[in-house]
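Quick note: the sequence shown uses my numbering, first residue 4, plus one each step.
Just so you know, even glycine gets a beta-carbon here, dropped at the ideal spot from N, CA and C.
Worksheet for the structure shown next.
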Amino acid sequence: MDTTENEYHYATLPSGLRVVMHHRPGSVAEHCGVAVRAGSRDERPEHYGLAHFVEHTIFKGTMRRRSWHILNRMERIGGELNAYTTKEETVVYTTYPAGHLERAVDLVADLVENSQFPTVEIDRERQVVADEIDTYLDIPSEGIFDDFDELIFAGSPLAHPILGSRESIDRLTTDVCRNYLDEYYTPANMVFFYSGPEKPDHVVRVASRCFRKDPHGSLIPRSGPTPPVPPKADVVKEIGTHQAHTVLGARIHDMYSPRRHAMALLTNILGGPGMNSLLNVALRERRGLVYTVDASASLLSDAGLFTIYYGCDTGDVDRCRRIIEGIIEKQASECMTQRHLEEARRQYIGQLTLASTNTEQRALSMARAMLFRGEVIPSARHLEAIRAITPADLREAAGALIGMSRLTLL
């Protein structure tokens, strides 16, 4: 078994299933699960929402367990069973008190290899997902991001909502779900991950016993070509709300780009979680124009998206936009002083340090890194890249954001 820094360990099971482990001696909690390289962008148009629907219904019964037994398997020892879907991956995992490794791995393996999707459970869960869709649409500050994706990724599999629509989920049957599981939930297309106190060799032995699917299939290539960058858009939709919701955004590089570190730091400077972010100070603290404003950068395997969200009174939408564009233009035209860069860098590294104490999120990040990179980048290498960022790098990153598209819901 090969090892890397920071106690990350790697292995490959006889089936071809890749394994990544973070050994944390003395930890009282463990996390394990499977990350699958399949998300909403891998769906056919008639089955939009399928990846997310399978994530919901994978817990509804296997060849060995009924739904009730699945729901209680980890909860009865104080653990939790969870899953989530993104545009490019689905993750099924459990968090539980240390000492129950075999129980956890056996359950996860059973779910991803043997789920049966009983018709009665499918019909019941279809209504649950339909209600989730309606709830999401009732919250403009969340739904606007799906609308913006449709605008910025138009003509590609990245454009449609992860949840699908009521019409598309009505077409999802037991056979459709099983076929999807057989096609995508294969050893070559998945990663098993573990974080906790168990020794890596023991984790590999347990995983080898529990994951029994025969080797078949291969890593499934990304669906469709890289979506083209659309022309700048300025769209306003009336939805009858008191507050206006706006997303400004631009297409940026993918997750493999060497520019990703500078963009991450710039995003934090502009609209990160700190109350001293440039946008929060300019729009809320100094002028009282917004309740919330934040920036984010989402990097996919072949594309990326930078967005700024703000909610304000309808009469202040354009004023807020001008202020935001002015801040970005200044970042793109003037190099930040070395002192300000050091301050921003110190704040960002401090935030990353605190975030690393969340062992669940760290395990999930580890799984995603293994799924898309084949390795976990050690913290030392990541920090080295952040410390190497120059004022010119930040200016270049800001330059990529000039002329952002806008979507406003009034």
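- Bounds of the beta strand (DSSP E) holding T98 are 93–100.
- Annotated three-state conformation of L251 is strand, per DSSP.
- An exposed status is given to E241, since fewer than 16 other beta-carbon atoms sit within 10 Å of its beta-carbon.
- Listed in chain order, the non-local C-beta contacts of A101 below 7 Å within the same chain comprise S30, V31, A32, E33, G199, P200, local neighbours out to five positions each way being set aside.
- The straight-line gap separating the alpha-carbon atoms of Q130 and R390 is approximately 49 Å.
- Bounds of the beta strand (DSSP E) holding H12 are 11–15.
- By the criterion of a C-beta distance shorter than 8 Å, G81 is surrounded in its chain by Y99, P100, once the five residues flanking it on both sides are discounted.
- Setting aside the 5 residues that flank it on each side, P231 has no residue in the same chain whose C-beta is closer than 6 Å to its C-beta.
- Looking only at T270, M193, Y312, the smallest Cα-Cα distance to L302 is reached by T270.
- Pairing G36 with T97 gives a Cβ-Cβ distance under 8 Å.
- Restricted to the region 13–45, the beta strand (DSSP E) segments that are unbroken, complete and at least 3 residues in length are 21–26, 32–39, listed in chain order.
- Comparing alpha carbon positions, the residue from R263, T88, E399, V379 closest to G167 is T88.
- Put simply, of E387, H264, R325 the residue whose alpha carbon is nearest the alpha carbon of R398 is H264.
- Residues of the same chain with a CB within less than 8 Å of the CB of T244, apart from the 5 flanking positions on each side, are P143, L412, L413 in chain order.
- The region 52–66 makes contact with the region 171–179; the number of CB pairs closer than 8 Å reaches 3 or more.
- Check the Cα spacing between S159 and each of E135, R47, D113, V209: the tightest is with R47.
- Less than 8 Å separates the beta-carbon of N192 from that of R40.
- The region 345–354 makes no contact with the region 316–328, as fewer than three CB pairs between them are under 8 Å.
- Taking each of T229, V238, L367 in turn and checking the Cα distance to S408, the smallest one comes out for V238.
- Between the region 61–69 and the region 108–120 there are three or more inter-stretch CB-CB distances shorter than 8 Å, so the stretches are counted as touching.
- Here K63 has S70, F120, P121, E124, E128 as same chain residues with Cβ atoms under 7 Å from its own Cβ, once five neighbours each way along the sequence are excluded.
- Within the same chain, E33, C35, M77, G82, T97, Y99 come within 8 Å of A107 by CB-CB distance, once the 5 residues on both sides are set aside.
- A Cβ-Cβ contact shorter than 8 Å links A400 with M266.
- The alpha-carbon separation between T176 and A335 amounts to approximately 51 Å.
- Counting along the chain, the unbroken alpha helix (DSSP H) around S144 starts and ends at 143–155.
- R287 is positioned such that its CB atom lies closer than 8 Å to that of V296.
- DSSP, reduced to helix, strand and coil, places A191 within a helical segment of the structure shown.
- When rounded, the separation of the alpha-carbon atoms in F56 and Y183 is 11 Å.
- With 16 or more neighbouring CB atoms inside 10 Å of its own CB, E92 falls in the buried class.
- Annotated three-state conformation of S171 is helix, per DSSP.
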